[in-house]
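S.K.: So the sequences go chain by chain: A and B.
Counting from 1, one number per residue, gives the positions in the first sequence under my numbering.
Counting from 1001, one number per residue, gives the positions in the second sequence under my numbering.
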Amino acid sequence: MSDNIEKDEFSGTQTTGHEWDGIKELDTPMPRWWLWTMYATIIWSIGYWVVMPAWPLVTDYTKGMFGYSSRGVLEQELAAAVDAHSVDRAALVTMELSNVKSDPQTYQFALSGGKSAFAVNCSQCHGSGAQGAAGFPNLNDDDWLWGGSVDQIYETIKYGIRSDHEDTRVGDMPAFLDDELLEKDQINDVADYVLSLSQSGQSAEAVARGKEVYMENCASCHGENAKGLREFGAPNLTDAIWFYGGDKATIVRTISKGRANVMPAWEGRLDDVTIRQMTLFVHSLGGGE
Amino acid sequence: MVESAVENVDVRPVNKKENRALFERREKIQPKKARGDFRRLKWIIMAVTLTIYYVTPWIRWDRGEGAPDQAVLVDFARERFYFFLIELWPQEVYYITGLLIIAAVSLFLVTALFGRAWCGYSCPQTVWTDLFIFVERLIEGDRNARLKLDKAPMSMSKLTKRVTKHAIWLLIGVLTGGAWVFYFADAPTLLVDLFTLEAAVIAYASVATLTATTYVFGGLMREQVCTYMCPWPRIQGAMVGDESLTVTYHGARGEPRGPHKKGQSWENRGHCIDCNQCVAVCPMGIDIRDGLQMECITCALCIDACNDVMDKIDLPRGLISYDTYAGQFDGNPEKKLKVRLIRPRTIAYGAILAFVGAIMLFTLLNRSILDVNVIRDRNPLFVTLSDGSIRNGYTVKILNKLHEVRKYHVEVTGSAGLQSWFQKEGPKDHTMIVTVPGDSVSSVKLFVSIPAANLKSKSTDLDVTVVDRETGETDTQNTSFKGPEK
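1) Please classify A/P104 as buried or exposed, where buried requires at least 16 other C-beta atoms within 10 Å of its C-beta.
2) Can you list, in chain order, the residues of its chain with a C-beta nearer than 8 Å to that of B/S1415? Leave out the 5 residues immediately preceding and following it.
3) Below 7 Å between beta carbons is the criterion; list the residues of the stretch 122 to 138 of chain A that meet it against any residue of chain B, in chain order.
4) Residues of the stretch 241 to 266 of chain A with a CB closer than 7 Å to any CB of chain B: list them in chain order, please.
5) Using CA atoms only, rank isn't needed, just tell me which of B/K1165, B/R1367 and B/V1448 is closest to B/V1490.
6) Determine the direct distance from the alpha carbon of B/T1363 to that of A/A134, and round the result to whole angstroms.
7) Identify every residue that forms a DSSP beta bridge with B/H1409.
8) Could you tell me which residues DSSP puts in a beta bridge with B/S1440?
9) Given that B/S1386 touches chain A, what residues does it touch there, using C-beta distances under 8 Å?
10) Measuring CB atoms only, is the stretch 105 to 125 of chain A touching the stretch 275 to 286 of chain A, in the sense that at least three cross pairs come out at less than 8 Å?
11) With 16 other CB atoms within 10 Å as the buried threshold, where does B/S1157 fall?
12) Return the bridge partner residues of B/F1114 from the DSSP annotation.
13) Taking DSSP as the reference, what is the three-state secondary structure of B/I1375?
14) Return the residues of the stretch 1370 to 1386 of chain B that lie within a Cβ-Cβ distance of less than 7 Å from chain A, sorted by chain order.
15) Quick check: is the beta carbon of A/G286 nearer than 7 Å to any beta carbon in chain B?
16) Does any CB atom of chain A fall closer than 7 Å to the CB of B/F1355?
17) Can you tell me whether B/R1391 is buried or exposed? The criterion is at least 16 other CB atoms within 10 Å of its CB, across all chains shown.
18) Is the distance from the Cβ of A/G147 to the Cβ of A/G233 below 7 Å?
19) What does the Cβ neighbour count give for B/R1154, buried or exposed, with the cut at 16 atoms within 10 Å?
20) Would you report the Cα separation of B/Y1121 and B/A1212, rounded to the nearest angstrom?
21) When DSSP labels each residue in this structure, what does B/G1426 get in the three-state scheme?
22) Can you give the Cα-Cα distance for B/S1206 and B/T1189, rounded to whole angstroms?
23) Give me the Cα-Cα distance between B/D1119 and A/A54, rounded to the nearest whole angstrom.
24) Checking contacts by CB at 7 Å: is B/G1393 closer than that to chain A?
25) Where do the ends of the beta strand (DSSP E) carrying A/G17 lie?
26) With burial defined as no fewer than 16 other Cβ atoms inside 10 Å of the residue's Cβ, what is the status of B/A1252: buried or exposed?
27) Quick check: what's the CA-CA separation for A/H18 versus A/K7?
28) Quick one: does B/F1447 have its CB under 7 Å from some CB of chain A?
29) Can you have a look at A/L78 and say buried or exposed, based on whether 16 or more other CB atoms are within 10 angstroms of its CB?
30) Pull the bridge partners of B/G1393 from the DSSP assignment, please.
31) What's the gap between the Cα of A/A90 and the Cα of B/F1132?
32) In its own chain, which residues sit with a C-beta less than 8 Å from the C-beta of A/L97, not counting the 5 before and 5 after it?
33) Would you list the residues sitting across from B/N1478 in a DSSP beta bridge?
34) Using only alpha-carbon positions, find the residue among B/C1278, B/I1297, B/I1288 and B/K1338 that is nearest to B/M1310.
35) Quick one: residues in its chain with C-beta nearer than 6 Å to the C-beta of B/I1375, no 5 flanking neighbours on either side, listed in chain order?
36) Measuring straight from C-alpha to C-alpha, what distance separates A/S200 and B/L1381?
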């Protein structure tokens, strides 16, 4: 700073001593209100440090007088949200699942909750509209591997299929080629037979040979009429819906290599209320039995 | 001292053009009380408008079971607007647009005819400011007493007067805000709730906000609201034409002005005796003799004041009067006021008003009481069923605007082999009857399946027909049915 104080001759205000192209900067003080606002914010910040969590320490942070934490608030709000539905939750757990539909309030609670639980937990495999994909069943249709009543859906969600739960159900599609149970020709024939059940265009001889193979190897699970058996989760082979795909190559692959997709068990990961909500939601999609 | 029938007031118009600095502290205006026809008209309009405002929410209207029995109610919770016979749903808010157009064009029309009559007589700002000035006069006296009180040092009596005044102003503010919230909830219930501290926070917040604005706008800011905050004066300026009525000082008759002694001749001088009464009564702090000014709200109190003076000095009334711009240069005191009410401009405004009004009336009278929306599921677009047929899902929303339960038959048509069913009660409910409670919306899930062989293309037109089983009222909605690529 320069020692000689210079005053601007027109305004009489002191200058800062800075000069650009003959124009000097006036040393006009900050507006009073502006200064007071700044002092107030400084005082405010000191109070804030004391009251609220503020300073990071080496392994921790200052907690503040009120012990406020945004995570704590979140937990409280989540608990309050669950609490707000305590009546509906209690009703849903105590009621027979098949009876919930007759109680509009509980049913609506289940459908709304089920919808969001489905989006979070199920949509990754079954799709956001529950439309499924190859190897992941479409939950909108009327074809159910393990049964489509509410109780059956509940069981499937709770224990899973081929999951690590002790009550899980297992239905194995053997790998007929890999395990040397059938020859390639036989597999080709049986695939023709299976296709002939829902569409035409296969050679009659292959179908006749395939039928023999089918009766010996496949009928025990898929049934003599090939309509499937739910005890084993064996799909109906006569309908229009194919789990892994209905073209011949896919069918040959399915018979040759076998199939064993896993539906996880949700018991232990989700609470019973959520599982029940998901059950009723899935059942409501249009194919529920 | 000039000997005259009228005392000369020492007053300076606060809002005179020459007085203005760009930034200046507000100078308080202490308007003097006026007496006369316009003052009386203002009292009447004040009484009528305030009565309408405060009383309306308390008018009852029997709508039957389950519906609120308040004549005018904006029911946010149940998403309905009630106005006597009329009951509006949220999707009918376009009526508000109509109302706003009518309000705006009415303002244009009134302004074209009578100048800023809205500002001078019925604007809430004017009405409440007038009320506040009335309270002020009651407690602190008229202009001179108030000026004296302003200058006097603080004393017990001054403090009492000030506290009383502000307390009554605040009370009026509370009543104003209080009346406002009654438009949004059942008034008697809310009144009790407000006092027992059980009303919603928003109710107290509304009362507090309106108390504050009423107090600040009506008591403290007054004419500044009109001059600096309100957009209407600027807009209305564009509506005023040469033939609009407005408060006018007849300069040709008044000038040259000057003090006048009793018995003096009126030869070679104007009728204005420069007593400044017109300035003293002006709540906007202007001198009307400077001509039409932006601040003038045409409240006509200066007309009352001047007429009073003219009576005292035995001159004809009307030195300041309602006149048109075209008429103000006519110095003849005997001339009759000529106003042409029917002009192209007023005809145009009137036609717009009639047109919008007719549309509103027509739509209101032909308002459907059944409304149907059909929303097709998009995820998944379609589902293949085990028998090979294709299924689409729809959500059908049926609005019943009547207050009684109605039953609707729903039928889907458009393709051979089509099957349709609701999934509502059981797995498949083919009855296709929807029961909708009064004054509400029912939403049902509708499934339609068509054998794949019957689908001609990947999109098929369908009609969903909803029929009121009792009245036969029908609403058909077109929708589409999606299938796989053909």
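Even for Gly, the Cβ is constructed at its ideal location relative to N, Cα and C.
On a predicted model such as this, the values are computed, not experimentally measured, just so you know.
M.R.: Here's the rundown:
1) Counting Cβ neighbours within 10 Å, A/P104 comes out exposed, since fewer than 16 surround it.
2) Here the set comprises I1450, N1454, L1455, T1460, L1462 and F1481.
3) S128, G129, Q131 and N138
4) I241
5) Chain B is shown from 1001 up to 1486; residue 1490 of chain B falls before or after that span and cannot be answered.
6) In this model, A/A134 and B/T1363 are separated by some 53 Å (Cα to Cα).
7) B/I1433 and B/V1467
8) B/N1400
9) D141, D142, D143, N236, D239, A240 and I241
10) yes
11) Within 10 angstroms of the beta-carbon of B/S1157 lie fewer than 16 other beta-carbons, which makes it exposed.
12) Paired residue(s): none; B/F1114 is not in a bridge.
13) strand
14) N1379, P1380, V1383, T1384, L1385 and S1386
15) yes
16) By this cut-off, B/F1355 is not an interface position.
17) buried
18) no
19) The question names Arg, but residue 1154 of chain B is Met in the sequence shown. Counting Cβ neighbours within 10 Å, B/M1154 comes out exposed, since fewer than 16 surround it.
20) Cα to Cα, B/Y1121 sits roughly 23 Å from B/A1212.
21) Summary for B/G1426: the model assigns pLDDT 48, below 50, so the residue's position carries little reliability; its value from the coordinates is reported in the next sentence. Secondary structure of B/G1426 (DSSP, three-state): coil.
22) 17 Å
23) Here residue 1119 of chain B is Cys; the residue named in the question, Asp, does not match the sequence. Looking at the two C-alpha atoms, the distance is approximately 54 Å.
24) For B/G1393, the answer is yes, since a Cβ of chain A falls inside 7 Å of its Cβ.
25) T15 to W20
26) So B/A1252 counts as exposed.
27) 12 Å
28) Contact of B/F1447 with chain A is assigned, a C-beta pair being separated by under 7 Å.
29) By the neighbour-count rule (16 or more Cβ atoms within 10 Å), A/L78 is not buried but exposed.
30) B/F1447
31) 59 Å
32) V150, D151, Y154, R276, T279 and L280
33) B/D1463
34) B/C1278
35) T1395
36) 28 Å
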